[in-house]
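**Q** Chains F and U supply the protein sequences, listed in that same order. All letters in the first sequence, in the order written, are residues 1 to 203 by the working numbering. All letters in the second sequence, in the order written, are residues 1001 to 1203 by the working numbering. Every residue, glycine too, gets a C-beta built ideally from N, C-alpha and C. This is the structure, below, for whatever I ask next.
2 protein chains.
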Amino acid sequence: MTLQGKTKRQALTEFREAEILEAARKVFGEHGYASATVDLIAAEAGIAKGTLYLYYDSKDAIFWAALTSRFREMHAEARREMEAQASVREKIRASLRVRFAFLKSDEQFLRMYVTEFGAMCRLQGGPMQALYREVAEHMAGVLQAGVEAGELRPLNAMAAATALMELVKGVFAMRFAGMPGQDPDFDGEQFVFDLFWNGVAAQ
Amino acid sequence: MTLQGKTKRQALTEFREAEILEAARKVFGEHGYASATVDLIAAEAGIAKGTLYLYYDSKDAIFWAALTSRFREMHAEARREMEAQASVREKIRASLRVRFAFLKSDEQFLRMYVTEFGAMCRLQGGPMQALYREVAEHMAGVLQAGVEAGELRPLNAMAAATALMELVKGVFAMRFAGMPGQDPDFDGEQFVFDLFWNGVAAQ
DNA sequence: GTCATAAAACTGACCAGTCAGTCAATTAAA
DNA sequence: TTTAATTGACTGACTGGTCAGTTTTATGAC
C-alpha cells in the first residue's frame, strides 16, 4: 500500500456507504419505512446483512442517512442557485426550479420524502428536524429580506417559508394519491410559483 | 324487550364501535400506526382483543374507520358552512374556519391526519383515497365557480383545492415538527387565508 | 318469580410469522 | 502469518389474528 494510492481494500470500501444509501433509498422508496427490511436493503446493495451493520448501527440510522444526504444535496443546490439571483422573485423561482428538477429526477428519494415526512414530525429533535429547520430558516431569511425591501407584503416569514415547502411536497403528493387534475401538461412548478408569488408579493 | 326501547344488550353494544374508534384514535394518534398495537387499543377501549375483532376485521380496518369517520364529519361540517355563504371568498373563509376549529379541537385525530397522510398516498385506491378526492373535488367545484364568476383568476381548480388542503395540514405539521415562528399569537387560519386568497383572487 | 335453555357477547392464552440485530466461522488482503 | 472484512444462520422479542371456553343476557315454560 502506498501513501497516495488506494489499496484494493480501500478502493472496495470507499463507496460502500454511498452504495448502501442508494440501495436503501430504492427499498425505502418502494416499500416505505415499515415494510422495508434490512435484509432487502442488504440484498439490493449486494452485501450481507452483517456487512451493512458494519457501516450503520440500525435500520433507523440507514433511513435517516439515506434521506438527509439527498435532502442536503437538494438544498445546497437550491441555495447556490438562489444566491445567483438578485430579486426575491427570482430567488423563489430558482428555488422551485431546483427542487422540482431534483425531485423529478429521483423518484425513490421523492417517495421517501413525500410518504415519510409526516411520520418524521413525531420525532421531535430527530436527525431530519434540524436540517428541515435550517432549510426553512434560510428561505425565511430570503423572504424577510424581501419584506424589508418592499418586494413582499408584510408576513410571517417562517410560516411562509414552510408553506412554500409544503406546497412543493403537496404537488407531488397529489400524484401518489392518484388525484385528478394531473394532465400531462400540468406544470406544477409554475402553479406553485403563481400561487405563492401572488400570495406574498406586495400590493 | 320492546319494539321502541333498547334491550340492555343493545344499549351496551350500541356505542361499542364508537368507543373502539375513539380508543383507536388515541392510540394511533399517540404512537403512530406502526407502533400502535391492537392490544393497546383494546386495553384503551377497556375490552379484550378478541372483542375488538368482533367489530373490525383487522388493524388496518380499525385505522381507516377511525380516520375516515372523523374526516367525513369535518368535511360535512365544512360543506354545510360553505353553502351558507354567497361569495367564494366567504366560502373559503368558512371552510378554513371549520377545519381549523375541528383540528384544534381533536388533537388525536389531528396527529393521525398529519403524520399518516403521507403513508396513505402509497395506497392507491385505499379507503381514504376516494374520500379525500371527493373533498378535493367539492372544493375544486367551488373554486371553478369562482373563476367563472370572475372572482378568481383562471387556475387549475383541482390543484388549487389540493394546495389549500395541504396548506392547512402544513400549518399544523409545523407544530409537530417543532418549527419556530409559532408564537402563541400566530394565527394559522388567517395566515393560510391571506396567502391563498391573494394567490387565487382575480387581479 | 324462578329455573332451564339458548343465544349472543366476551375473554385472553396461544400460535405462527416476521424481522432487527448478533456473532462464530470463513474468506481475502496485507 | 496476521489482520481486516465479510458472511448468513441464528436468536429472541414482538404482535396480528384465532378460537375454545366463559360469562352475560334474553326467552319462555311453569
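Among F:Glu-189, F:Phe-28 and F:Arg-72, whose alpha-carbon lies nearest the alpha-carbon of Val-168 (chain F)?
**A** Taking only the C-alpha atoms, the option nearest Val-168 (chain F) is F:Glu-189.
**Q** Mind listing the chain U neighbours of Glu-116 (chain F)? Cutoff is C-beta to C-beta under 7 Å, in chain order.
**A** Chain U residues near Glu-116 (chain F): Gly-1118.
**Q** Let me know if Glu-1116 (chain U) comes out buried or exposed under the rule of 16 or more other beta-carbons within 10 Å of its beta-carbon.
**A** With 16 or more Cβ atoms within 10 Å of its Cβ, Glu-1116 (chain U) is classed as buried.
**Q** Rounding to the nearest angstrom, what Cα-Cα distance links Ala-202 (chain F) and Ala-1086 (chain U) in this structure?
**A** If I take the Cα positions, the gap works out to 28 Å.
**Q** So, using beta-carbon positions, are Phe-191 (chain F) and Leu-96 (chain F) closer together than 7 Å?
**A** Cβ atoms of Phe-191 (chain F) and Leu-96 (chain F): not closer than 7 Å.
**Q** Helix, strand or coil for Ala-1177 (chain U) per DSSP?
**A** Note: Ala-1177 (chain U) maps to coil in three-state DSSP.
**Q** Can you find a C-beta in chain U that's less than 7 Å from the C-beta of Arg-97 (chain F)?
**A** Output row for Arg-97 (chain F): interface = no.
**Q** What are the residues that DSSP puts in a beta bridge with Ala-1201 (chain U)?
**A** Ala-1201 (chain U) pairs with U:Leu-1152.
**Q** So, does the CB of Gln-1203 (chain U) fall closer than 7 Å to a CB anywhere in chain F?
**A** Cβ-Cβ to chain F under 7 Å: no for Gln-1203 (chain U).
**Q** Taking Gly-32 (chain F) as the query, report the chain U residues whose CB atoms sit under 7 Å from its CB, ordered along the chain.
**A** Under the 7 Å cutoff, chain U gives Ala-1119 and Arg-1122.
**Q** Check the Cβ-Cβ distances between Phe-1015 (chain U) and every residue of chain F, and say whether any is below 7 Å.
**A** Not closer than 7 Å to any Cβ of chain F, the Cβ of Phe-1015 (chain U) fails to qualify, so no.
**Q** Closer than 8 Å by beta-carbon distance: list the chain F residues that pair up with Phe-1196 (chain U), in chain order.
**A** Within chain F, the residues near Phe-1196 (chain U) are Leu-195 and Gly-199.
**Q** Could you check what DSSP says for Phe-100 (chain F) in three-state terms: helix, strand or coil?
**A** Phe-100 (chain F) falls in the helix class under three-state DSSP.
**Q** Quick one, which of U:Ala-1034, U:Arg-1016, U:Glu-1019 and U:Leu-1021 has its alpha-carbon nearest Ala-1119 (chain U)'s?
**A** It is U:Ala-1034.
**Q** Out of curiosity, what's the CA-to-CA distance linking Glu-1044 (chain U) and Glu-1077 (chain U)?
**A** The straight-line gap from Cα to Cα measures roughly 28 Å.
**Q** For the alpha helix (DSSP H) containing Gly-118 (chain F), name the first residue and the last one.
**A** Unbroken alpha helix (DSSP H) run through Gly-118 (chain F): 107-120.
**Q** Would you please verify whether the beta carbon of Gly-1178 (chain U) is less than 7 Å from any beta carbon of chain F?
**A** Answer yes: the Cβ-Cβ gap between Gly-1178 (chain U) and chain F drops below 7 Å somewhere.
**Q** Check the Cβ of Gln-1144 (chain U) against every Cβ in chain F and list those closer than 7 Å, keeping chain order.
**A** Those do not exist, as Gln-1144 (chain U) stays about 11 Å from chain F at its closest Cβ, beyond 7 Å.
**Q** Just to confirm the assignment, what range does the alpha helix (DSSP H) spanning Asp-1060 (chain U) have?
**A** Segment 1059-1083, the alpha helix (DSSP H) holding Asp-1060 (chain U).
**Q** At the level of alpha carbons, what is the spacing between Gly-103 (chain F) and Leu-1054 (chain U)?
**A** In the sequence as displayed, the identity of residue 103 (chain F) is Leu instead of Gly. Their Cα atoms are separated by approximately 44 Å.
**Q** I need the boundaries of the alpha helix (DSSP H) containing Leu-54 (chain F), first residue and last residue.
**A** Segment 49-55, the alpha helix (DSSP H) holding Leu-54 (chain F).
**Q** Rounding to the nearest angstrom, what Cα-Cα distance links Glu-1017 (chain U) and Gly-1199 (chain U) in this structure?
**A** Distance between the alpha carbons of Glu-1017 (chain U) and Gly-1199 (chain U): 42 Å.
**Q** So, at 8 Å on beta carbons, what are the nonlocal neighbours of Thr-1068 (chain U) in its own chain, with the 5 sequence-adjacent residues on each side left out?
**A** The answer, listed in chain order, is Pro-1127, Met-1128 and Leu-1131.
**Q** Would you say Phe-1191 (chain U) reaches chain F, if we count a Cβ-Cβ gap shorter than 7 Å as a contact?
**A** Interface residue, yes.
**Q** Taking only beta-carbon atoms, is Ala-1086 (chain U) less than 7 Å away from chain F?
**A** Cβ-Cβ to chain F under 7 Å: no for Ala-1086 (chain U).
**Q** Against chain U, does Gly-126 (chain F) count as a neighbour if the rule is that its beta carbon must be under 7 Å from one of theirs?
**A** With 7 Å as the cut-off, Gly-126 (chain F) does not count as an interface residue toward chain U.
**Q** Tell me whether the beta-carbon of Ala-1159 (chain U) lies closer than 7 Å to the beta-carbon of Leu-1143 (chain U).
**A** Cβ atoms of Ala-1159 (chain U) and Leu-1143 (chain U): not closer than 7 Å.
**Q** Drop a sphere of 10 angstroms on the beta-carbon of Phe-1015 (chain U), count the other beta-carbons inside from all chains shown, and report buried for 16 or more, exposed for fewer.
**A** Exposed, because fewer than 16 other Cβ atoms sit within 10 Å of the Cβ of Phe-1015 (chain U).
**Q** Compute the distance between the beta-carbons of Ala-66 (chain F) and Leu-123 (chain F), then report whether it is under 7 Å.
**A** Cβ atoms of Ala-66 (chain F) and Leu-123 (chain F): not closer than 7 Å.
**Q** Could you give the DSSP three-state label for Glu-189 (chain F): helix, strand or coil?
**A** Three-state DSSP puts Glu-189 (chain F) in a helix.
**Q** Starting from the C-beta of Ala-1140 (chain U), find all residues in its chain whose C-beta is less than 6 Å away, skip the five residues before and the five after it, and write them out in chain order.
**A** The answer, listed in chain order, is Ala-1157, Met-1158 and Ala-1161.
**Q** Are the CB atoms of Arg-25 (chain F) and Gln-108 (chain F) nearer to each other than 7 Å?
**A** Against a cut-off of 7 Å, the Cβ pair of Gln-108 (chain F) and Arg-25 (chain F) comes out as a contact.
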